[in-house]
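J.: Let me begin by handing over the structure; questions about it come next.
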Amino acid sequence: MEQHTEADLQNLEQEAWNLKKRFLETVAPYRSDLWRYCRKLTGSPWDAEDLVQETLLKALASLGQIWQPVFPKSYLFRIATNTWINQCRRDNRFELSSYDEEWDDSNRSGHISDFEVYESIELLVHRLSPKQAAAILLAEVFHFTAKETADMLATTEGAMKSLLHRARKNLRSMQTNDEKNRESRSVLEREYPMPDRKVIDSIIDAFHKRDPEAMAALFSEYAYNDIVHVGQEFGRETIKKYSVRDTFLHWSGALKAFFRMLWDRPVVIVLIDTNQGWQLKSVIYLETLDCSIVYKKEYYFCEDLLLEAAKELDVKLHERGW
Numbered sequence: 078m079e080q081h082t083e084a085d086l087q088n089l090e091q092e093a094w095n096l097k098k099r100f101l102e103t104v105a106p107y108r109s110d111l112w113r114y115c116r117k118l119t120g121s122p123w124d125a126e127d128l129v130q131e132t133l134l135k136a137l138a139s140l141g142q143i144w145q146p147v148f149p150k151s152y153l154f155r156i157a158t159n160t161w162i163n164q165c166r167r168d169n170r171f172e173l174s175s176y177d178e179e180w181d182d183s184n185r186s187g188h189i190s191d192f193e194v195y196e197s198i199e200l201l202v203h204r205l206s207p208k209q210a211a212a213i214l215l216a217e218v219f220h221f222t223a224k225e226t227a228d229m230l231a232t233t234e235g236a237m238k239s240l241l242h243r244a245r246k247n248l249r250s251m252q253t254n255d256e257k258n259r260e261s262r263s264v265l266e267r268e269y270p271m272p273d274r275k276v277i278d279s280i281i282d283a284f285h286k287r288d289p290e291a292m293a294a295l296f297s298e299y300a301y302n303d304i305v306h307v308g309q310e311f312g313r314e315t316i317k318k319y320s321v322r323d324t325f326l327h328w329s330g331a332l333k334a335f336f337r338m339l340w341d342r343p344v345v346i347v348l349i350d351t352n353q354g355w356q357l358k359s360v361i362y363l364e365t366l367d368c369s370i371v372y373k374k375e376y377y378f379c380e381d382l383l384l385e386a387a388k389e390l391d392v393k394l395h396e397r398g399w
């Protein structure tokens, strides 16, 4: 009988990485706009980064299935929009109005200003249907054409105009009811598990001492490390061999780490000492179990999120090449 051996997918790693690198270089000019769009859709920097990551992964994976010209910005925005709407449906976070697909030509409303949209952006996320929120952001804030917006929403231009009409009407109605608006802002709040503070204190100490052995010892044997947008590591030995080593090998200068809540999420903030003072180097989210780190999410390569975090922390973001 013929013997079959399990293929090692790592053999494809270099080829896949070269393609991913070319893809990321191609979409780089649109990354910040994509992040801002996801930030406004989700209402959270953390969820925005997750949505950007999922969008980029889907966009790259889908390239081999597309048989027509693809323009990067609209391609990315379309995937982000559909991914977010599907998430909302799955989580039952919004009521999907049947009016979204209707068009009443007699009730058109005029252009709503960027200022009005920006002032009410939190309400968009919590009070409008997903399609209404996406339509008004795409058309009014990011200035896609009616046809481009309709294509992204997989609908007709007429139905898209209906979405905009309904969204504008709802938005103006919301602006007149401040008390209800304030109450609506808690809809998407979530709780993140609090990590073991002894483990957190130990990893902070390892940062201060620049001690890779002490840091590696804190990970569970089966820990998972998600280096957002770059790679994934499985198991303590792999994490120790690569990301822990690189942390101290490539990060010259004194490091200062501390625990804090950032946008309602417990994280470790890592600063680096420079000629211009302490600057933000990275943000790390950790989950612990039985006195060990079982999950680590590193935001070192997330420029837009780090820029917003630096403003929140009132420090500068350390310059590096992404």
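So for the sequence shown, our numbering puts the first residue at 78; every next one is plus one.
Built from N, CA and C at the ideal position, the CB exists for glycine as well.
List the endpoints of the continuous alpha helix (DSSP H) containing Gln164.
T.: It spans 149 to 168 - the alpha helix (DSSP H) in which Gln164 sits, taken as one unbroken run.
J.: Who are the Cβ neighbours of Tyr152 in its own chain at under 7 Å, not counting the five residues just before and after it?
T.: Closer than 7 Å at Cβ, skipping near neighbours: Ala136.
J.: Which class does Glu298 belong to by DSSP, given the choice of helix, strand or coil?
T.: Looking at Glu298 - three-state DSSP - the assignment turns out to be strand.
J.: So, using beta-carbon positions, are Ala334 and Val347 closer together than 7 Å?
T.: Yes, the Cβ-Cβ distance between Ala334 and Val347 is below 7 Å.
J.: So, are the CB atoms of Lys117 and Leu214 less than 7 Å apart?
T.: Cβ distance < 7 Å, so Lys117 and Leu214 count as in contact.
J.: In angstroms with no decimal places, state the Cα-to-Cα distance between Glu92 and Gly141.
T.: In a straight line, the C-alpha of Glu92 is about 15 Å away from that of Gly141.
J.: Report yes or no: do the segment 295 to 311 and the segment 341 to 355 share at least 3 C-beta pairs separated by less than 8 Å?
T.: No contact exists between the segment 295 to 311 and the segment 341 to 355.
J.: Is Thr119 closer than 7 Å to Leu111 when the C-beta atoms are compared?
T.: Not a contact, by the Cβ cut-off of 7 Å.
J.: Excluding the 5 residues flanking Ile156 on each side, which residues of the same chain have their C-beta closer than 7 Å to its C-beta?
T.: Contacts found: Thr132, Lys135, Ala136.
J.: Secondary structure at Met229, three-state DSSP: helix, strand or coil?
T.: Of the three classes helix, strand and coil, the one that applies to Met229 here is helix, per DSSP.
J.: Can you grab the Cα-Cα spacing for the pair Asp278 / Pro122, in whole Å?
T.: Between Asp278 and Pro122, the C-alpha separation is close to 25 Å.
J.: Select from Lys388, Glu375, Val104, Cys165 the residue whose C-alpha is nearest the C-alpha of Phe148.
T.: Closest option to Phe148, Cα to Cα, is Val104.
J.: Among Lys318, Leu205, Ile280, Arg113, which residue has its Cα nearest to the Cα of Ala244?
T.: If we check each option's Cα against that of Ala244, Leu205 comes out closest.
J.: Please work out which residues of its chain come closer than 6 Å, Cβ to Cβ, to Lys374, disregarding the five sequence neighbours upstream and downstream, and give them in chain order.
T.: Correct list, in chain order: Asp303, Tyr362.
J.: Drop a sphere of 10 angstroms on the beta-carbon of Ile143, count the other beta-carbons inside from all chains shown, and report buried for 16 or more, exposed for fewer.
T.: It is exposed - the Cβ of Ile143 has fewer than 16 other Cβ atoms within 10 Å.
J.: Taking the alpha helix (DSSP H) that Tyr114 belongs to, which residues open and close that run?
T.: Unbroken alpha helix (DSSP H) run through Tyr114: 108 to 119.
J.: Which partner residues does Asp350 have in the DSSP bridge list?
T.: Answer is Trp355.
J.: When burial is assigned at 16 or more other CB atoms within 10 Å of the CB, is Ala231 buried or exposed?
T.: Exposed, by the Cβ-count rule.
J.: I need the straight-line Cα distance from Ser320 to Asp282, nearest angstrom please.
T.: About 17 Å.
J.: Can you find the residues in the same chain that come closer than 7 Å, C-beta to C-beta, to Tyr114, ignoring five residues on each side of it along the sequence?
T.: Excluding positions up to five away in sequence, the list reads Phe154, Ala157, Leu214, Phe219.
J.: Output needed for Ala227: all residues of its chain with C-beta closer than 8 Å, excluding positions within five of it in sequence on either side, in chain order.
T.: Once the five neighbours on either side are set aside, the close Cβ partners of Ala227 are Thr233, Glu234, Ala236, Met237.
J.: What's the C-alpha gap between Glu126 and Asp381?
T.: C-alpha separation (whole angstroms): 9 Å.
J.: Taking buried to mean at least 16 other C-beta atoms within 10 Å of its own C-beta, is Ala138 buried or exposed?
T.: With fewer than 16 Cβ atoms within 10 Å of its Cβ, Ala138 is classed as exposed.
J.: Thinking just about the alpha-carbon of each residue, which of Lys98, Ala210, Pro146 is nearest to the one in Asn159?
T.: Closest by alpha carbon: Ala210.
J.: According to DSSP, is Arg337 helix, strand or coil?
T.: The answer is strand: DSSP assigns Arg337 an E or B state.
J.: Quick check on this structure: which residue in Cys165, Asp124, Trp161, Tyr107 has the alpha carbon closest to the alpha carbon of Lys150?
T.: Ranking the options by Cα distance to Lys150, first place goes to Tyr107.
J.: Mapping the DSSP letters down to three states, classify Phe378 as helix, strand or coil.
T.: Coil.
J.: Would you kindly check if the distance between the Cβ of Gln356 and the Cβ of Lys388 is under 7 Å?
T.: For Lys388 and Gln356, no; Cβs fall outside 7 Å.
J.: According to DSSP, is Arg342 helix, strand or coil?
T.: Here Arg342 sits in strand by DSSP.
J.: Apart from the five residues just before and just after Leu311, which ones in its own chain have a Cβ nearer than 7 Å to its Cβ?
T.: According to the sequence as given, residue 311 is Phe; it is not Leu. Only Tyr301 meet the Cβ criterion.
J.: Classify Leu86 as buried or exposed, calling it buried when 16 or more other Cβ atoms lie within 10 Å of its own Cβ.
T.: Exposed.
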